[in-house]
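Heads up: the sequence shown begins at 434 in my numbering, then just goes up one per residue. Just below is one structure, and these are the notes that go with it.
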Amino acid sequence: MRGGFLYWLGVSLCLTVLPAYSLQLELPNNARETVARDNQLDRVQIPVSPFFEGALVTREIEGNVSRRAYKFNSLGVTPLQILAPLRKQIQDFGFKVVLDCNQITCGGYDFRFAIEVLPAPDMYVNIRAFHFLTGLDLAGESAITVLVSSTEDTMYIQIIQAGLIDGAFVSMKPAVGFGELGPELLPEVLESSATRLQKYGFVILNDIDFAAGKTNLKKQPSVSLVEISKFLIARPNLRVIVVGHTDTVGSLETNIVISRERARSVRARLIEKHGVPSGKITAEGVGYLSPRASNLTERGREMNRRVEVILISEDE
């Protein structure tokens with residue numbers, strides 16, 4: 434299966450063509466459409482920035498909008514490997530890419546829940562493994578967004594197109610704030626995990642993952658842990674605590690144990706792999722006692738399952 438994907442990534446043969454629209458993209462030939470929603474008159478917010486300082490900058494389009502989602506088996510393939518050929522097609526069509534980010538640089542949980550996502554089970558976003566792209570045509574009349582996310586063995590793609598369809602022009606206008614935060618300024622607002630830790634006193638680790646129901650940290654690389662370890666080593670008197678959080682599925686006692694063990698797993702990774710002195714880091718778990726959102730919805734439960742690093746003190 435993986436060899437077939439690598440073949441697609443290399444030569445882009447035997448492809449499925451999306452239904453006729455302003456821009457036709459070619460997907461892997463085993464991609465199965467899970468949902469299609471076409472509206473001749475609709476309004477959609479197109480993200481043009483990462484989630485930054487409590488806000489997501491968007492452009493609003495009114496007119497014809499197409500929303501589609503796809504899924505396929507993809508063991509061992511990353512979201513970026515799938516998105517890269519799509520990005521090239523979008524650029525070749527004449528669109529300018531104004532936003533291209535992953536689960537960290539987009540803004541993690543906040544970005545994920547600020548953008549439009551088709552409902553499960555047709556579309557699914559793994560908060561620890563996704564890539565997002567926005568393309569705008571040079572005339573400002575059309576837009577496309579691509580969201581790619583992967584689980585252990587399945588890839589999901591969501592494509593939203595809005596604008597010029599069959600010769601019908603629609604208008605696009607910037608939302609409040611776009612003039613102050615144009616595409617050329619976007620790289621300046623992509624804060625690293627270390628920067629967010631220093632600025633806000635805590636940071637959510639959006640690029641770590643655990644096997645379902647397990648407490649051992651997966652061996653996949655983590656940019657967040659690399660950045661945080663460098664920051665801690667450079668500040669020898671700084672002390673932090675790693676805190677695990679869960680949703681409300683199961684008893685409080687069980688969730689506290691799971692969250693604590695996951696926090697300890699992250700602490701061990703920082704010490705053993707990244708060289709952070711053990712005395713600088715402690716670990717604890719609070720179960721579901723400190724939620725970020727309501728546990729009555731899947732969206733809220735997903736936001737609440739997380740591991741954070743929190744600044745404690747800096748000794749003199």
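Note that the Cβ used here is the ideal one computed from N, Cα and C, for glycine as well.
Beta carbon of residue i nearer than 7 Å to that of residue j
| i | j | result |
| --- | --- | --- |
| A595 | L551 | no |
| N639 | D680 | no |
| L760 | G720 | Here the chain covers residues 434 to 749 and nothing more, so residue 760 does not appear. |
| V531 | V481 | yes |
| I637 | G541 | yes |
| L671 | E585 | no |
| S662 | L703 | yes |
| F544 | F484 | yes |
| L378 | V579 | The displayed coordinates of the chain run from 434 to 749. Any statement about residue 378 would go beyond what the structure contains. |
| L566 | D525 | no |
| A726 | R700 | no |
DSSP state of residue i mapped onto helix, strand, coil
| i | result |
| --- | --- |
| F611 | Below a pLDDT of 50, predicted positions are generally treated as unreliable, and F611, at 27, falls in that range; the measurement from the model is reported next regardless. F611 falls in the coil class under three-state DSSP. |
| D586 | coil |
| I548 | coil |
| A644 | coil |
| G733 | helix |
| I743 | strand |
| S727 | coil |
| L376 | In the structure as shown, the chain starts at 434 and stops at 749, and residue 376 therefore has no counterpart that could be examined. |
| R738 | coil |
| Q457 | coil |
| G600 | The predicted model places G600 with a pLDDT of 37, which falls under 50 and marks its position as unreliable, so this point remains unresolved. |
| D748 | coil |
| Q591 | strand |
| E660 | helix |
| K606 | Any reading at K606 must be qualified, since the residue scores a pLDDT of 35, below 50, and its modelled position is unreliable; the value itself is stated next. Strand, per DSSP. |
| L638 | coil |
| G487 | coil |
Nearest residue (CA-CA) to residue i, options the options
| i | options | result |
| --- | --- | --- |
| S583 | A517, S655, G509 | G509 |
| K521 | C534, G568, L658, T491 | G568 |
| G708 | A716, V659, L630 | V659 |
| K632 | S575, S727, E486 | E486 |
| S655 | I537, N463, P512, E495 | I537 |
| S499 | A547, L722, A576 | A576 |
| L722 | A517, E735, R700, N688 | N688 |
| G712 | T730, C534, P669, S727 | P669 |
| G496 | E574, V490, I592, Q457 | E574 |
| E694 | K647, A627, P724, T491 | K647 |
| V490 | P724, L729, C539 | C539 |
| T628 | A644, L665, Q653, I592 | L665 |
Beta-carbon separation (whole angstroms), residue i vs residue j, contact threshold 8 Å
| i | j | result |
| --- | --- | --- |
| R561 | I641 | 7 Å |
| F505 | M556 | About 13 Å separates the two Cβ atoms, so there is no contact after all. |
| R476 | E493 | 6 Å |
| G718 | V682 | At roughly 15 Å, the Cβ-Cβ gap does not stay under 8 Å, so G718 and V682 are not in contact. |
| S714 | V673 | Position check: residue 714 holds Ile in this sequence, whereas Ser was assumed. Contact holds; Cβ gap of about 6 Å. |
| I515 | V468 | The pair is not a contact, with the Cβ atoms about 18 Å apart (cut-off 8 Å). |
| D471 | F528 | No, D471 and F528 are not in contact; Cβ-Cβ is about 20 Å, not under 8 Å. |
| E549 | Q478 | 7 Å |
| V742 | L630 | 6 Å |
Inset, instruction - Kindly provide the ranges of any alpha helix (DSSP H) runs that are 4 or more residues long and lie completely inside the region 671-705, ordered along the chain. - result: 685-705
Legend entry - Ordered list of alpha helix (DSSP H) runs contained in the region 494-576, each at least 4 residues: 512-525, 541-545
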